[in-house]
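In terms of the numbering used here, the sequence shown is residues 1 to 288.
By construction, the Cβ of each residue, glycine as well, lies at the ideal position given by its N, Cα and C atoms.
Notes follow once the structure below has been shown.
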Amino acid sequence: MELKDLWTVDHFGPNDLTHFRISIRVCNHHELLVKKCGFRLICKPLENDIEVLLQDDQLLDTALFYEVSHEDNPMSTKENGLNMVDLSIERHRYSSLWSLFKNVSPGTEMPKGFVLVEDSTISFKASQDLYNKFIGFFLCVVFDVEGGEKEVSIDIIPRVNGQRRNEQSGTLGSFDTDHVWLQFFRTNALWGLLEGAVDFGQFDESYPIFSLNIRVAGATVKKLGYVLQSNPLEDALKVEIEKNRLMDPASLFEDRGNPLHYAWSGWSGWEDLCKRLEDMHGGRDSIY
Numbered sequence: 001m002e003l004k005d006l007w008t009v010d011h012f013g014p015n016d017l018t019h020f021r022i023s024i025r026v027c028n029h030h031e032l033l034v035k036k037c038g039f040r041l042i043c044k045p046l047e048n049d050i051e052v053l054l055q056d057d058q059l060l061d062t063a064l065f066y067e068v069s070h071e072d073n074p075m076s077t078k079e080n081g082l083n084m085v086d087l088s089i090e091r092h093r094y095s096s097l098w099s100l101f102k103n104v105s106p107g108t109e110m111p112k113g114f115v116l117v118e119d120s121t122i123s124f125k126a127s128q129d130l131y132n133k134f135i136g137f138f139l140c141v142v143f144d145v146e147g148g149e150k151e152v153s154i155d156i157i158p159r160v161n162g163q164r165r166n167e168q169s170g171t172l173g174s175f176d177t178d179h180v181w182l183q184f185f186r187t188n189a190l191w192g193l194l195e196g197a198v199d200f201g202q203f204d205e206s207y208p209i210f211s212l213n214i215r216v217a218g219a220t221v222k223k224l225g226y227v228l229q230s231n232p233l234e235d236a237l238k239v240e241i242e243k244n245r246l247m248d249p250a251s252l253f254e255d256r257g258n259p260l261h262y263a264w265s266g267w268s269g270w271e272d273l274c275k276r277l278e279d280m281h282g283g284r285d286s287i288y
């Protein structure tokens, strides 16, 4: 949530001081009791500005600041002495949304057309022009359950140049046989900052590394694959991908249509996607 959406301050100069307050209420949920509530202020690197804040009668507790260009170092509320729930931006922000765009069904084979990944991490590079072409990310995981029915949970950790972004986690359900899990994400829901665009200006290189680590508990991953849906690419971008080896070209699914047609139309939508991928790649798997 942007600060301007919470507070509107007119004629607020760089040296002016004011108090900002926010009240959080839960309505129409009589059985719900709020036990803890906390907040963080997400900001760009403070550098020397932190000294000014400390001089002004400690207007803010410096532990409230969360600098977005941090290294991959998960925050701990206990280590920072904060009496609050850990609401850091990279964890669980989208966990309530990802389950709307999944399909889990019995099976042992991955549909044709998905690019197979040999370990648990998906990785590719992209320029800003290329990333802006992306519409959505489709994931496919074939998992095996042994020893009776078990609850299967997942944890997906996206990173951009090693910086942790919007972690997805949750439970797929309880299973006692092999299943195929198909999942859709909007790319900014994974790698964007608070669902916004990726700030390419913060990186020194032109082609940041986008990665996705998938962890599955309660089952064994047999196959892992993915495709990226994109708008049609210009020839110059295709040359750029090949010249700089940014990604496997087979992982790009050029289709200007709405990806929710596939992800939010029940099994028939996923069947349409699998058929399109199979036709596009001639029914051959791609291993990158």
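Within the continuous alpha helix (DSSP H) that includes residue i, where are the two ends?
i	result
Asn244	235-244
Gln128	128-131
Leu260	260-263
Under a Cβ-count criterion, where at least 16 other Cβ atoms within 10 Å of its own Cβ denotes burial, should residue i be classed as buried or exposed?
i	result
Val239	exposed
Ser105	exposed
His179	buried
Phe210	buried
Thr187	buried
Ala236	exposed
Phe309	Examination of residue 309 is not possible in this model, given that the chain is present from 1 through 288 alone.
Asp255	buried
Leu46	exposed
Leu139	buried
Ser230	buried
Pro232	exposed
Gly266	exposed
Glu146	exposed
Ser99	exposed
Would you identify the three-state DSSP class for residue i, choosing helix, strand or coil?
i	result
Asn188	helix
Ser120	coil
Arg256	coil
Asp272	helix
Ser206	coil
Gly266	helix
Pro249	helix
Leu64	helix
Gly38	coil
Leu294	Residue 294 lies beyond the range of the chain shown here (1 to 288); nothing can be said about it.
Leu46	coil
Phe114	coil
At which residues does the beta strand (DSSP E) containing residue i begin and terminate?
i	result
Gly107	Taken as a continuous stretch (DSSP letters only), Gly107 belongs to no beta strand (DSSP E), as it is neither H nor E.
Tyr226	220-230
Arg159	150-160
Val145	First-last for Val145: undefined, no H or E at that position.
Thr171	168-175
Our contact map puts residue i next to residue j with C-beta atoms below 8 Å; I'd like the distance itself, whole angstroms only.
i	j	result
Lys222	Asp155	Their Cβ separation, rounded to whole angstroms, is 18 Å, which puts Lys222 and Asp155 out of contact at 8 Å.
Phe114	Val216	Wrong, their Cβ atoms sit about 16 Å apart, outside the cutoff.
Leu212	Thr108	Actually they do not touch by this definition, with Cβ atoms about 23 Å apart.
Leu190	Asn166	6 Å
Quick check: the stretch 199-214 against the stretch 110-127, are there 3 or more CB pairs under 8 Å?
Yes, the stretch 199-214 is in contact with the stretch 110-127.
Any chance the stretch 156-173 sits against the stretch 259-279, with 3 or more Cβ pairs inside 8 Å?
No, the stretch 156-173 does not touch the stretch 259-279.
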